[in-house]
Each structure stands twice: as C-alpha cells, then as structure tokens.
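Letter 47 of the sequence shown, counting from 1, is numbered 112 in this note's numbering, and no numbers are missing.
Even glycine gets a Cβ: it sits at the ideal position worked out from N, Cα and C.
Only a predicted model underlies this, so the values are computations on that prediction, with no experimental measurement involved.
Down below is the structure, laid out as structure tokens.
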Amino acid sequence: MGDVGIAFIQDKLEIKFLILYIASRLTEPVDGADLQDMTMCDEGIDYFDYAECLGDLVKTEHLRVTEDGQYVITEKGRRNSGICESSLPYSVRQLSDRHIAAWNKAAVRRQQVQGRVTPRENGTFTVELRLRDDVDSLMTLDLMVADKADAEALAERFRREPEKVYTQIVAALRGK
C-alpha cells in the first residue's frame with residue numbers, strides 16, 4: 066500500500082499519530098499485518114520504526130492486543146488521536162482514509178459472510194456457513210464433511226461466492 070512517493074512522515078511521533086489515526090477509524094480489531102500495510106503509506110516509514118512505535122503504543126495503553134492477537138484502540142488512544150490527527154500531513158490522511166475505507170468495507174463483508182471449520186469427536190469436521198445482510202441472518206448451514214481439506218475448501222468457496230451458493234440452495238429447495 067506504499068502509495069506516497071515522498072516522505073511526509075518525519076519522525077516516530079508522527080508514525081504513532083498515524084497508527085492511532087488509522088486504528089481510531091477501523092470498525093473492528095485489526096491484525097498486525099493489515100495495520101502495517103495501512104501504516105506503510107509513506108516513504109518516511111520503515112518496518113523497524115513501525116514495529117517499535119506499535120510496541121510503544123501498546124505499552125502506553127493507547128492500543129491493546131486482543132486474545133487472538135489483534136490490535137484495537139483504547140479510549141486513551143482515541144482521545145489522543147483526536148487531539149493529534151491534524152498534525153499529520155493532509156496527503157497522508159487522504160491516502161490513509163482510502164485504505165481505511167477499503168479495509169472497513171472488507172470488514173463488513175467478513176461479518177456478513179462466515180465460513181468456519183470445526184473438528185468433531187468422531188474425526189469428521191463441521192463446516193459452518195453463515196450469510197447475513199445488514200439487518201438479519203439470511204442463512205445458517207452446518208455440513209458434516211469427512212476430511213479437513215474438503216471442509217476448508219467448502220468454507221473458502223462459500224466465502225468467495227456466498228450469493229451464488231445461497232441462490233443455488235434456494236433454487237434446489239424450490240425444485241428449479
């Protein structure tokens with residue numbers, strides 16, 4: 066995502082401001098790789114400075130790490146982000162806003178379309194498929210599958226084409 070060819074970010078404090086700016090606008094916790102991709106939008110940021118700043122923000126409780134290793138902004142971080150965001154260069158904020166919007170759109174999709182595989186005691190696997198719209202659940206389907214590779218493939222195919230799967234199930238139930 067490194068889109069800005071000129072270094073507008075000049076020091077570690079600005080990197081911290083940028084990380085907080087991004088984290089404060091995300092709709093759900095973010096993994097380190099995605100946060101890094103969104104943060105590395107300026108030539109003035111390198112991985113080592115990013116990693117150090119991220120660690121500092123966790124230590125100072127501006128960000129916290131969830132049980133599953135995701136990052137989420139704290140109230141302290143949100144408050145300080147609001148105070149400091151205007152010190153970020155406008156071009157960096159604009160580019161970050163585009164990355165944030167794309168990530169948030171994908172996050173909504175992840176909430177609406179879920180495919181999960183869980184092992185059963187008898188050695189088979191359950192594929193849990195869920196499709197929601199903005200208001201309610203459209204479909205919940207649990208399938209028993211003999212092996213993990215097939216289960217993962219079914220879950221992935223559903224995540225790629227949930228509307229197609231839903232339409233085909235409805236058509237089959239209607240006898241069409």
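With distances taken Cα to Cα, identify the nearest neighbour of Ile84 among Val230, His127 and Asp207. The sequence position of residue 84 within the sequence shown is 19, counting from 1. Per the Cα distances, His127.
Any idea what DSSP makes of Gln135, helix, strand or coil? Numbered from its first residue, the sequence shown carries residue 135 at position 70. Assignment of Gln135 by DSSP, reduced to helix, strand and coil, places it in the coil class.
Asp207 - containing beta strand (DSSP E), residue span: In the sequence shown, residue 207 corresponds to position 142, counting from 1. Counting along the chain, the beta strand (DSSP E) containing Asp207 begins and ends at Ser202 to Val210.
Three-pair Cβ contact test at 8 Å for the region 123 to 143 versus the region 162 to 180: Touching, no, given that fewer than three Cβ pairs across the two stretches are closer than 8 Å.
Just to confirm the assignment, what range does the beta strand (DSSP E) spanning Leu194 have? Here residue 194 refers to the residue found at position 129 of the sequence shown. Segment Phe190 to Arg197, the beta strand (DSSP E) holding Leu194.
If we count the other Cβ atoms within 10 Å of its Cβ and call it buried at 16 or more, is Lys81 buried or exposed? To locate residue 81, count along the sequence shown from 1; it is residue 16. Of the other Cβ atoms in all chains shown, 16 or more fall within 10 Å of the Cβ of Lys81; this residue is therefore buried.
Between the region 178 to 196 and the region 116 to 134, can you find at least three pairs of beta-carbon atoms closer than 8 Å? At 8 Å Cβ cutoff, the stretches do not touch.
Ends of the beta strand (DSSP E) at Gly180? In the sequence shown, residue 180 corresponds to position 115, counting from 1. For Gly180, the enclosing beta strand (DSSP E) has its first and last residue at Val178 to Pro184.
Name the DSSP beta bridge partners of Arg252, please? Residue 252 is absent from the structure shown; the chain starts at 66 and stops at 241.
Between which two residues does the alpha helix (DSSP H) harbouring Leu219 extend? In the sequence shown, counting from the first residue as 1, residue 219 sits at position 154. Segment Lys213 to Arg225, the alpha helix (DSSP H) holding Leu219.
Are the region 191 to 198 and the region 160 to 171 touching, with three or more C-beta to C-beta distances below 8 Å? A contact is defined here as three or more CB-CB pairs under 8 Å, and the region 191 to 198 fails this definition with respect to the region 160 to 171.
Is the beta carbon of Val210 sitting closer than 7 Å to the one on Val230? Translated into positions along the sequence shown, residue 210 becomes position 145. Translated into positions along the sequence shown, residue 230 becomes position 165. Not closer than 7 Å, so no.
Backbone secondary structure at Leu91 - three-state DSSP: Along the sequence shown, one-based indexing puts residue 91 at 26. Annotated three-state conformation of Leu91 is coil, per DSSP.
Hey, His112 and Thr104: beta-carbon distance below 7 Å or not? For the purposes of this step, residue 112 is taken as the residue at position 47 of the sequence shown. For the purposes of this step, residue 104 is taken as the residue at position 39 of the sequence shown. First, the amino acid is wrong: residue 112 is Tyr here, not His. No. Outside cutoff.
Bridge partner(s) assigned by DSSP for Val173: As a position in the sequence shown, residue 173 is number 108, starting the count at 1. The partner list for Val173 (beta bridge, DSSP) is empty, contrary to what the question assumes.
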